[in-house]
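Following: one structure in structure tokens, then a few remarks.
Structure follows, in structure tokens:
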């Protein structure tokens, strides 16, 4: 499971998938999703994570494109910065966006 907490002004702690809304109702800013995550990286106001199926999901503030990774790729590494993210595909190619 992946659990995120802290400021949620841009939904950067709201992990994609099925989360338990009672955390939000309590104002804790923490969300839980069932699933397998193999990597996670936190930027200034966005978060990216890689699933066990090598898919990459990014969420939170995306006004610079930092939450829009190239589609239809498999990932092995991700790093998030202030308003950008970078990842390495399973084929060894480096991509950056934002």
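In our numbering, the protein residues as written are 60 to 157.
Backbone N, C-alpha and C define an ideal beta-carbon position, used for all residues, glycine too.
Given the structure is predicted, the values throughout are model-derived calculations rather than measurements.
Nearest in C-alpha terms to residue 138, of all of 122, 130, 64 and 115, is 115.
DSSP places residue 64 in the coil class of the three-state scheme, outside both helix and strand.
Taken atom to atom, the span from the alpha-carbon of residue 118 to that of residue 133 is near 18 angstroms.
Sequence-distant Cβ neighbours of residue 97 in its own chain, meaning closer than 6 angstroms and more than five residues away, are 109 and 111.
According to DSSP, residue pairing for residue 147 in a beta bridge involves 136 and 153. By the C-beta density criterion, residue 149 is exposed, having fewer than 16 other C-beta atoms within 10 angstroms.
Residue 69 and residue 107 have their alpha carbons spaced roughly 13 angstroms apart. Between residue 61 and residue 99, the beta carbon gap of about 6 angstroms places them in contact (Cβ cut-off 8 angstroms).
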